[in-house]
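Accompanying notes for the structure given below.
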Amino acid sequence: MSQVPQLLFKNRRPGETVFIDGYRATGGYQPLEKAFREMTPVELRELVKSSNLRGRGGAGFPTGVKWTFFPADAPGPKYLVCNCDEMEPGTYKDGELLMADPHQLVEGMIVSAYALQTDVGYIFIRYAYEKQAEYLRRAIAEAKEAGYIGKNILGSGFDFELHVHGSAGRYILGEETALLNGLEGQRPNPRLKPPFPATRGLFGQPTTVNNVETIANIPHIISGGAEWFRDLALTPEGSGTKLFGLSGHLNCTECFELPVGIRLGEVVETYGQGVWKNRKFKACLPGGASTPYLTEEHMDVALDFMSLEKVGSRFGTAGVTVFDDQTCMVAATLNLIQFFARESCGWCTPCRDGLSMVRWLLEKFETGKGSPEHLDMLKDQLQNISGNSFCALAEGAMGPVAGLLTHFEQEIIDHIEKGRCPFKS
Amino acid sequence: MVNLTIDGKQITTSKTSTIYEAAKENDIYIPVLCYAKKLLPYGACRVCLVEVEQMKGRLIPSCTTPVTEGMVVTTMSDEIKKVRKTVLEFLLVNHVVDCPVCDKGGECDLQDLTYEYEVVTSRFEGEKFDLPKDEANPFIERNMNRCVLCGKCVRVCDEVVGYGSYSFINRGFETKIATAFDRGLDCEFCGQCVSMCPVGALLPRPFKFKARPWQLKEVNSVCGYCGNGCTVTLGVKDNEVQTIRFNDETGVNDGNLCIRGRFGYSYVNSNKRLTKPLVRRDGVLKEASWDEAIQTAVQGFKDAGEQVGIISGARLTNEELFLVKNLSKALGTENLDHSGGECYKGVTEGLLETLGVRASTATFPLVEKANAILAIRSDFYETHPVFGMVVNQAIRRNEAKLSIIADKFGKLSKLPNARTLLHKPGLELNVLNALCHVIVEEGLAKTEGLNGLDELKAALKEYSAETVAELVGGDADAIKQTARELAGAENAAIMLAYGLPYTAYSKELAIAAANLALLTGIAGRQGSGLYLCGEKANSQGAIDLAILPGGKGMGAQQMLAAAGSGELKALYLVGEDPLVSYPNRSLVEKALEKSFLVVQDIFLSPSAQMADVVFPAASFAEKAGTFTNAERRIQQLHVGIKSPGEAKTDFAILQLLLKELGTSAPATPAEAFKSLAAETPGYEMVSLDMVGPQGYVWGGDNLEPELKQLVPVAGAQPLADKYQLLVGSALYHSGTLSTHAKGPNAAVAAPYIELGREDAAELQLVNDDMLKLKTVEGEIQAKVKVDRRLPKGVFFTPYHFAELELNKIYSGQPAIAVEPVKV
Ligand SMILES: Cc1cc2nc3c(=O)[nH]c(=O)nc-3n(C[C@H](O)[C@H](O)[C@H](O)COP(=O)(O)O)c2cc1C
Ligand code: SF4
Ligand code: SF4
Ligand code: SF4
Ligand code: SF4
Ligand code: FES
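Protein sequences appear in the order of chains A and B.
Quick note on my numbering: the first sequence kicks off at 344 and runs consecutively.
Quick note on my numbering: the second sequence kicks off at 37 and runs consecutively.
See below:
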């Protein structure tokens, strides 16, 4: 366990938060010095591209590629926005990272801003993360004091200011264009794409939105290099480490920094220390509440973008939620859908009205009032909702439903045949 | 251009098109619910999903997806059908489906789509919405139980109207449309949201249970109120105008209307309309036959010899105005004028001196592409609301920079990033001069071909931005900024509204605006324009036809003075109510009292009550003919209903008078148009069949000035008085006519005096207190309305209401010094 390289959690100690001195003591702000003194913005963007870093916010889009779309040389205001909304059930890694080591994000924001030539940055932070916001504000003040934020940073002629902005606390605010609306003080509906934020984002100006963990990785890539970063992963196409937030029916539900591509079995057995109460593993959400379930048969699957897609799921945010063999998967899915239906922003029909119909169907099964026709209707909805909504919320919401139908259809049929939930006596 | 295939058909379309637009252009049907031509792409309902071969794996919303080269689109398949059907099912789950009692039944998109996709039963069960209806206002009923959340109302009120009444509230399944704090609707009541709603969630209340849509006959005509010239499509049943129908195919207004056009039609059906001619016998107005009335009138005119004067309204059609002109010839008088004496005359004279033309130099739709816009007068939106909406769109879509020269804040000041160049009452001229000064000083002027530059430069010396800002109480930097924007913009617009309540300095204002338009190159440049916007539906027609004093003839004010002194013996008022709407009431009163008075109107107006003969006339809904709007667009009116009782069109009445005088008259409006076109400059080449659904703009999109003459004008001095009253227009009304219409009256039924919060506090006044304003001439009183738009010491009152008798103290001055007394 100890030989697993720790970058993001390098300074993490239980109950402690590292500020500027501690951060510097382990090499903090050296990547920034290197970037500003030795590298051009173009070189930085190239470096990130060749590192193969993929977004850690859920969609897994290659960060370097996203940055090449950004009109870094365009005149006028440009923005870098960090997405720390983190409201998906089962995902809490960004919060952990900021509790331990907020300067990582601050340094990441500054060097990313330099790479993208954005003059203003916002960290859009979940409403419940009060402590983290406080730590960030302190870290920003320290960085300013040290001359890393402000005018003419390290004599480079580059100016940057960084703000922390509290989210109103709704799941949809994590969707990047809804987030931008929220930042502007508007109702957080997602925006139509195109235009993409890189063209018309915050206040109509070019904007890049990246996740906390994505940005926190940048300084490490600068100091270690692209090749080193790629080699951290256990799969050939993967790169870097990943924060895995464990939850559910495990003996240990903590957040670990592990290599990308680690086997599911190892995460469950070694880090989660096995299923609790000596029960058996039944299923898990591998990457947060919007990813389709994996089962016992997937223990050897490498947790990485490609390999998870191959087995019909997604890497998402790597929030691994485990369910033991006494869990009713219909009830578990219903619980998730209740969340998504409630959090739908209400903009488009398939999500706003469709999800509540899915909830209604799952309630039917769970309360023993379901019929085979209802099962057909549920299958139908998979096709009618997934892929047809305005933003990715509805599609994500249907992830667990898809998993339920693929792996646990028999359990639904049991509910129908018994006229009650077989897990309740 | 982009090539693509839709349903096997090869299509070439503009690269900015969406799939839906490309399909529509080629008559390929794709159903839509949340799409609207005039709104920005939205993509929420998901009814318009199609398959695109290059984007397999998911269905693509056609209304938001731009076309790309080589795209292969399929608009119908089993899967598409299923998904669309499910969307409809979803929408119907909570929908009340009370079609039998819904006025939208028969033209409801949800109903039609449900039918088309044969959504027979809903497989889903869910709670039906049971939200309370919003009936807080008399115009618009909001029944959110029928709403499909297409967001069109939210968007149109923001993107087009610039008011922003609505927003989505709540999340998920509980999402709904609401006003601020979910209160009852209280807004401009332009009804754009009603016209956009695809279902029966927003309905016009005056139309409730009046008719099923298919029972209505639709007649396209032109709004009879203001010079905007919006197309109104009358919905007619039982010889009554039941409602105004949505129509974005005809005319210049894109289906947009203001409260007057949309809800102000009811005066047409009013039971207070005049239905019989009246003749004064033994001092009392008594019903008479047409023969008697015509003979009495003509006899009176004959008795007066050449001492006759004609004052016409500007709501008559061009054809009727032509007959008015013929009548003046037949009577041998050159005493001919229309509305407001000095006001219209001044504006046209000023323009003639500077530009050599007497009309706007460009058309309204061009303003949507303007980069910089200057509105002169804060009431511009209030007098020409739908043009104001074009300005809003220019700002929202093109980031146009808007400045307003204003003595108070109005709707335009609230638009995004609008710059209000606030000045003390009566000093518009000074600000215009300062703008010219900045342009000249900073070398921004486009001086080529301009005459009189040196004289102007010399005269502008005293009008530096700083000096003027100091005098008018404004901000020099703001003036400079505006000047630079106007001079630097590729496309720019200067807009000046004129009308009865704005008679002061009218000639000077026209000149100052023209100077600015010349120095910036706005006058005559393709894409830019100087806009002169007359208050009434056919103000421009009246100018074009020269309903103005000829030779030694007298103008309106002079005629009234002459009639008062007995010099003029007879007056003929055609659709004009000077007793209420003209400045200087005692003068008007004396004139009407002393002369032989013939009044032609649709109501027994206060002026008509003093007449010797009254002719019952027809409303715009009852006549054919043409109006020329403020951008020179000639448009056709069509007969929607028959006039009540024996009332006749102005055209028919004038024919009778001409015949009685032994002169010939054209037999029909169409014939009259031929004759008037032949002798009206700009109209020579126009024939009625050129006046199609979009009308015909005489002089073309860009009217070249015939002169480029700069003329120095002196600024004014502010009044020193502590309290000053401004006279103007309110959004809900137009002239005095709208005070007979239920709609506008329901919004604002009575006169009021508006003042700012500071003054209200100082004078210890709250809303609805009675306030008296005294001057040396007399006094008026009305209820108080406290607002935030007036600077300290400045009061405002609209001029539309007869009962205020405003012209007791108003004689055309830019601001009236008053002494406020709480009653
Ligand atoms: C409904 C919804 C919620 C989301 N919530 C978050 C979130 O809390 N944090 C986050 O980083 N990304 C979230 N995302 C993903 C963002 O839209 C976006 O892809 C991400 O911030 C991009 O950053 P990355 O490329 O660095 O991952 C969410 C997406 C959706 C559709
Ligand atoms: S899928 Fe539609 S309703 Fe759901 S959150 Fe996205 S935009 Fe809103
Ligand atoms: S009536 Fe006009 S102003 Fe009022 S809500 Fe509708 S669109 Fe907006
Ligand atoms: S009220 Fe009408 S226009 Fe507004 S969202 Fe609902 S259905 Fe659409
Ligand atoms: S009053 Fe003027 S702006 Fe309003 S609808 Fe009529 S023509 Fe249009
Ligand atoms: S019409 Fe295209 S999504 Fe509504």
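Glycine included, C-beta positions come from ideal geometry on N, C-alpha and C.
Given the structure is predicted, the values throughout are model-derived calculations rather than measurements.
Minimum Cβ-Cβ distance from residue i to chain A less than 8 Å
{"i": "N275 (chain B)", "result": "no"}
{"i": "C866 (chain B)", "result": "An answer regarding residue 866 (chain B) cannot be provided, because it is not within the stretch 37 to 859 covered by chain B."}
{"i": "L95 (chain B)", "result": "yes"}
{"i": "S98 (chain B)", "result": "no"}
{"i": "F217 (chain B)", "result": "no"}
{"i": "V123 (chain B)", "result": "yes"}
{"i": "R191 (chain B)", "result": "no"}
{"i": "G524 (chain B)", "result": "no"}
{"i": "R433 (chain B)", "result": "no"}
Contact with chain B by residue i, beta-carbon distance below 8 Å
{"i": "R513 (chain A)", "result": "yes"}
{"i": "F733 (chain A)", "result": "yes"}
{"i": "M344 (chain A)", "result": "Low local confidence applies: a pLDDT of 47 at M344 (chain A) is under 50, so the model's placement there is unreliable, and no value is given."}
{"i": "S633 (chain A)", "result": "no"}
{"i": "G739 (chain A)", "result": "no"}
{"i": "F730 (chain A)", "result": "According to the sequence provided, residue 730 (chain A) is Gly. The question's Phe does not apply to it. Answer yes: the Cβ-Cβ gap between G730 (chain A) and chain B drops below 8 Å somewhere."}
{"i": "S510 (chain A)", "result": "no"}
Cβ separation of residue i and residue j, assumed to be a contact under 8 Å, to the nearest whole Å
{"i": "G829 (chain B)", "j": "Q753 (chain B)", "result": "With 8 Å as the limit, G829 (chain B) and Q753 (chain B) do not qualify as a contact, their Cβ atoms being about 16 Å apart."}
{"i": "A606 (chain B)", "j": "S631 (chain B)", "result": "6 Å"}
{"i": "L448 (chain B)", "j": "V427 (chain B)", "result": "7 Å"}
{"i": "I492 (chain A)", "j": "C425 (chain A)", "result": "Their Cβ separation, rounded to whole angstroms, is 14 Å, which puts I492 (chain A) and C425 (chain A) out of contact at 8 Å."}
{"i": "G398 (chain A)", "j": "F658 (chain A)", "result": "Incorrect: roughly 10 Å between the Cβ atoms, too far for contact."}
{"i": "F503 (chain A)", "j": "D444 (chain A)", "result": "So it is not a contact: roughly 20 Å between Cβ atoms."}
{"i": "L693 (chain B)", "j": "V334 (chain B)", "result": "6 Å"}
Residue i - partner residues in DSSP beta bridges
{"i": "V255 (chain B)", "result": "B:L270"}
{"i": "V733 (chain B)", "result": "B:R669"}
{"i": "G321 (chain A)", "result": "In this structure chain A extends from 344 to 768, so residue 321 (chain A) is not present and cannot be described."}
{"i": "Q373 (chain A)", "result": "Answer is none; Q373 (chain A) lacks a bridge partner."}
{"i": "V644 (chain A)", "result": "DSSP, once it has assigned bridges, lists no residue as partnering V644 (chain A)."}
{"i": "I42 (chain B)", "result": "B:K45 and B:V109"}
{"i": "Y788 (chain B)", "result": "B:K819"}
Sequence-distant residues of the same chain with beta carbon closer than 6 Å to residue i, five excluded per side
{"i": "A58 (chain B)", "result": "I47, T49 and V103"}
{"i": "Q724 (chain A)", "result": "V701"}
{"i": "A486 (chain A)", "result": "V449 and I492"}
{"i": "I728 (chain A)", "result": "P693, G697, A737 and M741"}
{"i": "M344 (chain A)", "result": "Bear in mind that a pLDDT of 47 at M344 (chain A), under 50, signals an unreliable position, so the number given afterwards is only what the model happens to contain. Result list for M344 (chain A): empty, nothing under 6 Å."}
Close beta carbons around residue i, own chain, < 7 Å, minus the five adjacent residues each side
{"i": "S257 (chain B)", "result": "V268, L270, F656, A657, L673, H674 and G676"}
{"i": "E385 (chain B)", "result": "K543"}
{"i": "T664 (chain B)", "result": "N354, N574, Q576, G577, D580 and I670"}
{"i": "A602 (chain A)", "result": "The identity of residue 602 (chain A) in the sequence shown is Pro, whereas the question assumes Ala. Hits under 7 Å: V347, L575, A576, L577 and T584."}
{"i": "K340 (chain B)", "result": "The amino acid occupying residue 340 (chain B) in the given sequence is Ala; Lys does not appear at that position. The residues are K605, A606 and F632."}
Neighbourhood of residue i by C-beta, 8 Å cutoff - its chain only, sequence neighbours within 5 removed
{"i": "R455 (chain B)", "result": "K437, L438, S439, I440, A514, Q517 and T518"}
Exercise. Listed in chain order, which residues of the region 689-722 of chain A have Cβ atoms closer than 8 Å to some Cβ of chain B?
Worked result: Within the region 689-722 of chain A, contact with chain B at the beta-carbon level (separation under 8 Å) is assigned to G689, W690, C691, T692, P693, R695, D696, G697, L698, S699, M700, W703, E716 and M720.
Problem set entry | Under 9 Å (Cβ pairs) to chain B, residues found in the region 639-655 of chain A | Listed by position along the chain: nothing, the set is empty.
For this session: Please list the residues of the region 459-487 of chain A that have a C-beta atom closer than 9 Å to any C-beta atom in chain B, keeping them in chain order.
Result: Within the region 459-487 of chain A, no residue qualifies.
Problem set entry | Interface residues of the region 667-684 of chain A facing chain B [CB-CB below 7 Å] | A684
Problem set entry | Short-range partners of chain A found in the region 128-146 of chain B, where Cβ spacing is below 8 Å | Within the region 128-146 of chain B, the residues whose Cβ lies closer than 8 Å to some Cβ of chain A are V129 and N130, listed in chain order.
For this session: Could you run through the region 97-118 of chain B and flag, in chain order, every residue whose CB is less than 9 Å away from some CB of chain A?
Result: P97, T100, P102, E115 and K118
For this session: May I ask you to list, following chain order, the residues of the region 357-387 of chain A that have a beta carbon less than 7 Å from some beta carbon of chain B?
Result: none
Exercise. Which residues, in chain order, does the region 513-535 of chain A contribute to contact with chain B at a C-beta distance below 8 Å?
Worked result: R513, I515, R530, N532 and L535
Exercise. What residues from the region 191-214 of chain B come within 9 Å of chain A, judged by C-beta to C-beta, listed N to C?
Worked result: S203, F204, I205, N206, R207, G208, F209, E210, T211 and K212
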